[in-house]
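**Student:** Those letters in the first sequence? Residues 0 to 768, by numbering that gives the first Met the number 0.
Input: one structure, supplied below.
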Amino acid sequence: MADAPRPSNFLTEIIDADVAAGRNGGRVVTRFPPEPNGHLHLGHAKSILLNFGLAARYGGRVNLRFDDTNPATEEVEFVEGIEADVRWLAGDWAALHFASDFFERMYQCAERLVLEGHAYVDSQAQEAIREQRGAFDRPGTNSPFRDRPAAESLDLFQRMRAGQFADGACVLRARIDMAHPNVIMRDPLLYRIRKAHHHRTGDTWCIYPMYDFAHPLEDAFEGVTHSICTLEFESNRELYDWVLDRLGPWDPRPRQYEFARLSLGYTVLSKRKLLQLVTEQRVDGWDDPRMPTLAGMRRRGITPEALRDFAELIGVAKNNSTVDIGKFEFAIRADLEGRCPKAMAVLDPLPLTITTWPAGKVETLELPWWPSEPERGTRPVPCSGQLLVERDDFSLDPPADWKRLAPGGSVRLAGGWVVRCDEVLRASDGTVTGLRCSHDPASLGDGAGARRGLGTIHWVDAARSVPAPVRLYDRLFTAEQPDAAPDFLAALNPASLLVAERARLEPALATAAPGDRHQFLRLGYFIADPADSRPGAPVFNRTITLRDTWSRTAAQPTQRRAARPRSDPAADATLRGRRSEARAERRAVTPALAERYLRYQRALQLAEELADLLTGDLAVAEYFDAAVKAHAGAASVARWLLNDLLGLSGETPLAQLQLSGTGFGAFVALVDAGKLTPAGGKALLADLVASGGEPAARMKALGLEKVEDAGAIAAAVERALAAQAAEAARYRAGEKKLLGVLLGAAMREARGAADAAAVRKALLERLGA
RNA sequence: UGAGGCGUCGUCCAACGGCAGGACUGCGGACUUUGGAUCCGCGUAUGAAGGUUCGAAUCCUUCCGCCUCAGCCA
């Protein structure tokens, strides 16, 4: 399993491309960068596994780095906890780093920024800086200190370091652009004064770098190639690149990528809320088995392997999504099923007397730890005429499909005999206090008296079982989305921890070592509590119940959710687009565009929509003009430009393309003259955009000239059918939807140069349709 | 409102112009000395509209919806 190929995702695609391109010399270095201000949880597990997994997959390295740039909230206790958690989950890292180890280098980088005019010391108060930042739709304003001489900023910055200013008196800011559309880029803070004791550097520093300055530098110092973080840092990437671009050169030059953080049903995964649960004592500490922390899950009995399987199950993408908790539970059960020996315990005992049992007789059954694989060993299980069974397994008034004990009914004792309930003992208040049963001595063992349809229940011997508390953990929240409510504590499950104080274990479980796991037959998976359990005085935690198809039929969660909000087509049709409006506004202030907008419609006879699309940007309009000058077919020039060229050019402005407007016009002329098929046209255009050249010459060089020769088309069809023999057979057998595949293959054989209708006709004839 | 990102079965993830697939859940069945496990079967999903194309989840346009950003937190 460990060697199974990990599924690919958008990150592996990026890295595949990087490795193929030889970027960073083919190296792959990742990092997991926690801030030591809390304990790791399941969300971090996804990130850890991702970073460790990527490093392993590409033969690279992964570092553990503590992002300890804020002395106010960070503690050594968390450093130690996090190291233990990461090691438990993912094993060893290549190198251990602390951001604080880089403080001197970061400071030198900051001085360089100041010297080169990219940063300045701002002596304003926090409130002034905040007000000057502007808003999403309103540019900010410059600080009065923005243009103070570099030498003055440098002196101030050095005095900040020397401790000559109080907290908040001044800050170091990047000089970028207070009107930047990305608010993050409006002269962000780089350093602040914080006269606090740091858990590693003590009182050496009184200025500390901000995340946006420190993080890219830490990555660069460590030689990280792929810096993977969560989606909310997308806006910060621009600043990440800004910092590195001004302080390089770097080798490797790190790049930041973002993925969607994990969100899980019936669970909260936010440090703040988890901390609140702990401080308000809603749970018993960070390692309470109900907590989604690594420490809690470890104590709950969940294994690192289960977590790895889960991470693989949910994948990695950029969609914000909430994973069904059932998926998590599936991963846990699947893992535990394979590793837990099975034994018996009774949580809520009900005495059962076997009236037909010889008085005083005690028999010892050798029962397999793994019923389906008896060769893996057995344990002795004592049995007498006085047993204990689960109270839930008896019903005075059973439903029709009841398979357990009921008055007059029979059931098999797991690993033992079939018993029949002859008499029910009840207290004066009606409570059932015991059962009297008769047993069939011939029903023990394989095949002997086997009876179909009989239920099986677990049991322990009354005198020879051992009492032990068993903690029954359940979901911490009753709402699937606790975060959705104003107060997530309202969704706390009052029954998330129930203790079975009267539980009895079969003797073999009494000596379990802390951390030992077992399946308790029919009840679930349990672990001897790593902290509180002792051999001889066991305490068990329930990791998870068994899948239960019987009880779940009672309370059925509704499968169908509220329909996704749909857009209203009628409204869509009548609404004018914002982008369209933006283009109209640009035309209103740009006569050159307005003039073209009208001319395209009148002189060139273009539809209004096309004219609109072409006149939102002067560069596009000019490119179009040049093309039309070279080839008068305005409508098809417009169509090819808008539908194909814009897609192919991507981020590159048209003016910077290898293919000039004139060349593009020449290209469209070829298409319009019928020298090229549309498919061939697309292939040629892609080539021209990628590598330039003269259209007609490239067309000939690439062999894209339209093929009309029937013989050539027939040959292409033959080659396609030969290559797709299996699909062709399936098509002939009736899978008509495969025509597309066969046609596609034939078109490719003809390099897109053949007329599609002709190929289709030839193909259908050849297939005997 | 400015910028950035994301929309595919109930849920999560694939499909990179050519057969919309896998996993979870649910349902049904087989088997069973765990109502477990195992095995088999069952799918009304591409947010909407328009365009390009022989062919669109995928390319273009427009609209709709959701998420993130205005800490001297990370």
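Glycine included, each C-beta is placed from N, C-alpha and C at the ideal position.
For the putative contact between Pro381 and Thr363, defined by C-beta atoms under 8 angstroms, what is the C-beta separation to the nearest angstrom?
**Tutor:** Stepping through the first sequence from its first residue, residue 381 is reached at position 382. Stepping through the first sequence from its first residue, residue 363 is reached at position 364. About 5 angstroms; that satisfies the 8 angstroms criterion.
**Student:** According to DSSP, simplified to helix, strand and coil, what is Thr11?
**Tutor:** In the first sequence, the residue the question calls residue 11 occupies position 12. Under the three-state reduction of DSSP, Thr11 is assigned to helix.
**Student:** Find out if the Cβ-Cβ distance for the pair Thr548, Cys436 is shorter than 8 angstroms.
**Tutor:** In the first sequence, residue 548 corresponds to position 549, counting from 1. In the first sequence, residue 436 corresponds to position 437, counting from 1. No. Outside cutoff.
**Student:** Output yes or no for whether 8 angstroms exceeds the beta carbon distance between Phe212 and Val242.
**Tutor:** Translated into positions along the first sequence, residue 212 becomes position 213. Translated into positions along the first sequence, residue 242 becomes position 243. In this structure, Phe212 sits near Val242, with a CB-CB distance shorter than 8 angstroms.
**Student:** So, is Thr573 buried or exposed, given that buried needs 16 or more other C-beta atoms within 10 angstroms?
**Tutor:** Within the first sequence, numbered from 1, the residue matching residue 573 stands at position 574. Summary for Thr573: the model assigns pLDDT 37, below 50, so the residue's position carries little reliability; its value from the coordinates is reported in the next sentence. So Thr573 counts as exposed.
**Student:** Keeping to the same chain, check which residues put their C-beta closer than 6 angstroms to that of Gly433; ignore five residues upstream and five downstream.
**Tutor:** For this step, residue 433 is matched to residue 434 along the first sequence. Hits under 6 angstroms: Pro350, Leu424.
**Student:** Where does Glu103 fall in DSSP's three states?
**Tutor:** For this step, residue 103 is matched to residue 104 along the first sequence. Three-state result, Glu103: helix.
**Student:** Between Arg595, Ala618, Ala634, which lies nearest to Ala606 when the distance is taken from Cα to Cα?
**Tutor:** In the first sequence, residue 606 corresponds to position 607, counting from 1. Per the Cα distances, Ala634.
**Student:** Would you report the Cα separation of Leu766 and Phe327, rounded to the nearest angstrom?
**Tutor:** As a first step, residue 766 must be located in the first sequence, where it is residue number 767. As a first step, residue 327 must be located in the first sequence, where it is residue number 328. C-alpha separation (whole angstroms): 50 angstroms.
**Student:** What's the gap between the Cα of Ala620 and the Cα of Arg595?
**Tutor:** Numbered from 1 along the first sequence, position 621 holds the residue referred to as residue 620. Numbered from 1 along the first sequence, position 596 holds the residue referred to as residue 595. Straight-line Cα distance between these residues: approximately 8 angstroms.
**Student:** What distance in whole Å lies between the Cβ atoms of Gln131 and Gly167, which are believed to be in contact at a cut-off of 8 angstroms?
**Tutor:** Your numbering for residue 167 matches position 168 in the first sequence. Your numbering for residue 131 matches position 132 in the first sequence. Contact flag wrong, Cβ pair sits at about 16 angstroms.
**Student:** Once the 5 residues before and after Arg521 are set aside, which same chain residues still bring their CB inside 7 angstroms of it?
**Tutor:** In the first sequence, the residue the question calls residue 521 occupies position 522. Taken in chain order, the residues that qualify are His457, Leu545.
**Student:** What residues match up with Ala389 in a beta bridge as DSSP calls it?
**Tutor:** Residue 389 sits at position 390 when you count from the first residue of the first sequence. Reading off the sequence, residue 389 comes out as Glu, not Ala. Answer is Pro348, bridged to Glu389.
**Student:** Kindly indicate which residue of Asp186, Arg638, Ala98, Ala54 has the alpha-carbon position closest to the one of Tyr207.
**Tutor:** For the purposes of this step, residue 207 is taken as the residue at position 208 of the first sequence. Of Asp186, Arg638, Ala98, Ala54, the residue nearest in Cα terms is Ala98.
**Student:** Closer than 8 angstroms by C-beta to Val170: which residues in its own chain qualify, once you throw out the five before and the five after it? Chain order, please.
**Tutor:** Along the first sequence, one-based indexing puts residue 170 at 171. Once the five neighbours on either side are set aside, the close Cβ partners of Val170 are Val120, Asp121, Ile128, Leu188, Leu189, Tyr190, Arg191, Ile192.
**Student:** Taking 8 angstroms as the threshold (C-beta atoms), are Pro35 and Val85 in contact?
**Tutor:** As a working note, residue 85 is residue 86 in the first sequence. As a working note, residue 35 is residue 36 in the first sequence. The answer is no: Cβ separation not under 8 angstroms.
**Student:** Is there at least one non-hydrogen atom of the ligand SAH closer than 7 angstroms to the beta-carbon of Ser532?
**Tutor:** Although the ligand SAH was asked about, the structure shown includes no ligands whatsoever.
**Student:** In this structure, does DSSP put Gly751 in helix, strand or coil?
**Tutor:** If you number the first sequence from 1, residue 751 lands on position 752. Coil at Gly751, not helix or strand.
**Student:** Which residues does DSSP pair with His517 in a beta bridge?
**Tutor:** Start at 1 with the first residue of the first sequence, and residue 517 comes out as number 518. According to DSSP, which records beta bridges pairwise, His517 is partnered with Phe525.
**Student:** Spatial neighbours of Val75 within its chain, please: C-beta separation below 6 angstroms, excluding the five flanking residues on both sides.
**Tutor:** Residue numbering aside, residue 75 sits at position 76 when the first sequence is read from its first letter. Cβ neighbours of Val75 beyond the five flanking positions: His198.
**Student:** Can you tell me whether DSSP reads Ala499 as helix, strand or coil?
**Tutor:** Counted from its first residue, the first sequence places residue 499 at position 500. Three-state result, Ala499: strand.
**Student:** Just list the residues that DSSP pairs Arg228 with in beta bridges.
**Tutor:** Translated into the one-based positions of the first sequence, residue 228 becomes position 229. What sits at residue 228 in the sequence shown is Cys, not Arg. Answer is Glu257.
**Student:** For the candidate residues Val61, Leu653, Gly429, Arg582, whose alpha-carbon lies nearest to that of Asp218?
**Tutor:** Here the question's residue 218 lines up with position 219 in the first sequence. Comparing Cα positions, the closest option is Val61.
**Student:** Nearest by alpha-carbon distance to Glu704: which of Gly359, Asp671, Thr477, Thr510 is it?
**Tutor:** Indexing the first sequence from 1 puts residue 704 at position 705. Nearest of Gly359, Asp671, Thr477, Thr510 to Glu704, Cα basis: Asp671.
**Student:** In chain order, what residues of the same chain lie with their CB nearer than 8 angstroms to the CB of Gly369, ignoring the 5 residues before and after it?
**Tutor:** By 1-based counting over the first sequence, the position of residue 369 is 370. According to the sequence provided, residue 369 is Trp. The question's Gly does not apply to it. Contacts found: Pro340, Lys341, Arg375, Gly376.
**Student:** If contacts are defined as beta-carbon pairs under 8 angstroms, then Ala461 and Gln518 qualify, I think. What distance do you get, rounded to the angstrom?
**Tutor:** As a position in the first sequence, residue 461 is number 462, starting the count at 1. As a position in the first sequence, residue 518 is number 519, starting the count at 1. Actually they do not touch by this definition, with Cβ atoms about 23 angstroms apart.
**Student:** Considering Cα atoms alone, identify which of Met177, Ala150, Asn318 is closest to Asp136.
**Tutor:** The residue given as residue 136 occupies position 137 in the first sequence. That would be Met177, whose Cα lies nearest to the Cα of Asp136.
**Student:** From the DSSP output, read off the bridge partner residues of His40.
**Tutor:** Residue 40 sits at position 41 when you count from the first residue of the first sequence. DSSP output for His40 lists Thr292 as bridge partner(s).
**Student:** How about Ala695 and Glu748: do their beta carbons lie closer than 8 angstroms?
**Tutor:** As a first step, residue 695 must be located in the first sequence, where it is residue number 696. As a first step, residue 748 must be located in the first sequence, where it is residue number 749. No, they are not a contact pair.
**Student:** Within its chain, find whatever has a CB closer than 7 angstroms to the CB of Ala536; leave out the 5 residues flanking it on each side and keep chain order.
**Tutor:** Here residue 536 is taken as the residue at index 537 of the first sequence, counted from 1. If the five residues before and after Ala536 are omitted, its C-beta is found closer than 7 angstroms to no C-beta atom of its own chain.
**Student:** Rounded to whole angstroms, how far is the Cβ of Asp643 from the Cβ of Leu609, which I believe are closer than 8 angstroms?
**Tutor:** Working through the first sequence from its first residue, we reach residue 643 at position 644. Working through the first sequence from its first residue, we reach residue 609 at position 610. That belief does not hold up - the Cβ atoms of Asp643 and Leu609 are roughly 14 angstroms apart, past 8 angstroms.
**Student:** Starting from Val459, follow its DSSP beta bridges and name the residues at the other end.
**Tutor:** In the first sequence, the residue the question calls residue 459 occupies position 460. DSSP output for Val459 lists Leu387 as bridge partner(s).
**Student:** In the segment 147 to 208, which residue ranges form an unbroken beta strand (DSSP E) of at least 3 residues, counting only runs that do not cross its ends?
**Tutor:** 170 to 173, 188 to 192, 206 to 208
**Student:** Suppose you measure from the CA of Pro556 to the CA of Gly247; what does that come to, to the nearest Å?
**Tutor:** Residue 556 sits at position 557 when you count from the first residue of the first sequence. Residue 247 sits at position 248 when you count from the first residue of the first sequence. The pLDDT assigned to Pro556 is 38, lower than 50, so where the model puts this residue is not dependable; a value taken from the coordinates is nonetheless given after this. Their Cα atoms are separated by approximately 56 angstroms.
**Student:** Measuring alpha carbon to alpha carbon, tell me which residue in Thr72, Pro70, Val267, Phe31 is nearest Tyr53.
**Tutor:** Position 54 of the first sequence, counted from the first residue, corresponds to residue 53. The sequence shown places Leu at residue 53, not Tyr. When Thr72, Pro70, Val267, Phe31 are compared, the shortest CA-CA separation from Leu53 is found for Phe31.
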